[in-house]
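Visitor: With this note's numbering, letter number 314 in the sequence shown gets 432, and the count goes up by one each step, no holes.
Take this structure first; my questions come after.
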Amino acid sequence: MEALAEGLWGLADYHERKGEIEKAVKCLEAICQSHVSFFPVVEVKTRLRIATLLLKHSHNVTHAKSHLERSQLLLHSIPSCFDLKCRAYSLLSQCYHLVGAIPPQKQILNKALQLSASAGDGLSVKLWICNFNSQLANALIIEGDYQNSISALECGYICAAQISYPELQMFFATSILHVHLMQWDDENLVEQAVNRCDQNAAQHVDKLDAAVKADMQQTREIQELTNELNSLNQSLSRSDLHYRDRSALSEKQAQLQERLRSKTRVNPTGQHYLEPAYFGNVRRTLDDKLELAPSPIDGEWLPKSAVYALVDLMVVIFGRPKGLFKECGKRIQSGMQLIQEELVKLGITDGVRGELYFLMMPSMTWFQFLNDPKVIEAL
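Here it is, written out as structure tokens:
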């Protein structure tokens, strides 16, 4: 029977790749509705997959939640399967969050943290602890419980440090600062949070800048290949095309498709280099998003353009004390252009509102940039 389940899983994969989500869900639900009994693990994996598809491609949170709650009941009878249990907890927490059921979300996350605490000190366990603490902190903020939210984020920060994951450390350090800014009870605590962010960020600005440049280059190359392929497909659609020309164009089409596949190919772990983890928060459109943290942290997504503008700002802030004034000037212009392009996408084209938003980053950047007499001299 496991072969039958694997066949239906494969068929669901095929339909998902074609964008036929309803058919993919029906293939998976056929396993759950079968009169023949499957192993509980098979049913759990199937229900988790259904819930993931529903959360990713629809607004049917209630249906997804029912599959996840059934998965949890099945998992109670299975002594192992730590990863599956964590995935179920993470997805169910997301469902509760989407429907605004914060108390049950906190309850689920606390159970998940109890499970993780008894599972050892492996890398996967630490990452799940980061995941659950991140979601718990978010739920606590919604309730206005800032102190416990900071405690959850501190636990996540400690776990990230234990596994030497600087990106996660920066994520939690920044989140802690955000909570302190919302609460603003003690200026000393805010200052300490800012200093921690500076310490974490200063070591990685160059790496972050290099990663952003590489991603921008990759995005440009993919867009160029896509445009070329679309143009070629248009030529191939002509009915009066000579056989020899059609053959040559078809060969070129295959080459372009392979080059495009190589640019967007999944990595060895089976995930696209810009995809989020399969479980946790809803997977969103990938074209203009960047992953906030590694699997299974999931977490919120950041628009690429926002990341690019923030990196430009960081380069200015850290480059000014080094005397890199020309590079800072270029980055200010780059950040301003990115913001202007995003304003146009949002429909903010009128003078008043556009200028208000547009001047926010440049004003802060120029203030930082010109806060040194040497800059004036260099200009």
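Think of the CB as a built atom: it goes at the ideal place given N, C-alpha and C, for glycine as much as any other residue.
1) Exposed or buried, what is I226 when buried is set at 16 or more other beta-carbons lying within 10 Å of its beta-carbon?
2) For V243, which option in C204, A279, N266 and I457 has the closest C-alpha, if you only look at C-alpha atoms?
3) CB L367 to CB S353, shorter than 8 Å?
4) Can you name, in chain order, every residue of its own chain whose Cβ lies under 8 Å from the Cβ of T292, other than the five neighbours on each side?
5) Round the Cβ separation of Q542 and K381 to the nearest angstrom and send it over; I've been treating them as touching at under 8 Å.
6) What residue range is occupied by the uninterrupted alpha helix (DSSP H) comprising V160?
7) Give me the Cα-Cα distance between Y361 and C446, rounded to the nearest whole angstrom.
8) Using only alpha-carbon positions, find the residue among Q190, F156, E140 and F200 that is nearest to L172.
9) Roughly how many angstroms separate the alpha carbons of K370 and L378, rounded to a whole number?
10) Measure the Cβ-Cβ separation of H133 and C150 and say whether it is below 8 Å.
11) If you count every other CB in all the chains shown that lies within 10 Å of the CB of V400, and 16 or more means buried, which is it?
12) With 16 as the cutoff for other CB atoms within 10 Å, does Q253 come out buried or exposed?
13) What is the DSSP secondary structure of E342, reduced to helix, strand or coil?
14) Between L216 and V160, how many whole angstroms is the CB-CB distance? I'm expecting something under 8 Å.
15) Using a Cβ-Cβ cut-off of 7 Å (strictly less than) and excluding sequence neighbours within five positions of Q301, which residues of its own chain qualify?
16) Where do the ends of the alpha helix (DSSP H) carrying C199 lie?
17) Are the CB atoms of A169 and L193 nearer to each other than 8 Å?
18) Can you tell me where the alpha helix (DSSP H) with K370 in it begins and where it stops?
19) Which stretch, first to last residue, makes up the alpha helix (DSSP H) that contains I294?
20) Are there 16 or more other CB atoms within 10 angstroms of the CB of H298, so buried, or fewer, so exposed?
21) According to the neighbour-count rule (16 or more other Cβ atoms, all chains shown, within 10 Å of its Cβ), is G238 buried or exposed?
22) Return helix, strand or coil for G125, following the three-state DSSP convention.
Guide: In this structure, then:
1) Classification of I226: buried, given that the 10 Å Cβ count is 16 or more.
2) Checking every option, the nearest Cα to that of V243 belongs to C204.
3) Yes, Cβ-Cβ distance for L367 and S353 is below 8 Å.
4) The beta carbon of T292 is closer than 8 Å to those of C315 in its chain, skipping five residues each way along the sequence.
5) The structure shown does not extend to residue 542, since the chain spans only 119 to 497, so no value can be given for it.
6) Element bounds for V160: P158 to H175.
7) Distance between Y361 and C446, taken at the CA atoms: about 56 Å.
8) For L172, the nearest C-alpha among the options comes from E140.
9) Approximately 12 Å, taken between the alpha carbons.
10) With contacts defined by Cβ atoms closer than 8 Å, H133 and C150 do not form a contacting pair.
11) Confidence at V400 is low in this model, with a pLDDT of 34, below 50, so the placement of that residue should be treated as unreliable; the coordinate-derived value is given next. Burial of V400 is indicated by the presence of at least 16 other C-beta atoms within 10 angstroms of its C-beta.
12) Classification of Q253: buried, given that the 10 Å Cβ count is 16 or more.
13) Assignment of E342 by DSSP, reduced to helix, strand and coil, places it in the helix class.
14) L216 to V160, Cβ: 27 Å. No contact.
15) Cβ within range, chain order: Y264.
16) Neither: C199 is in no alpha helix (DSSP H) and is coded neither H nor E.
17) Going by C-beta atoms, A169 is not nearer than 8 Å to L193.
18) That run of the alpha helix (DSSP H) goes Y361 to K381.
19) That run of the alpha helix (DSSP H) goes P284 to Q301.
20) So H298 ends up on the buried side.
21) Burial is judged here by how many other beta carbons sit within 10 angstroms of a residue's own beta carbon; G238 has fewer than 16 and is exposed.
22) DSSP places G125 in helix when its eight states are reduced to three.
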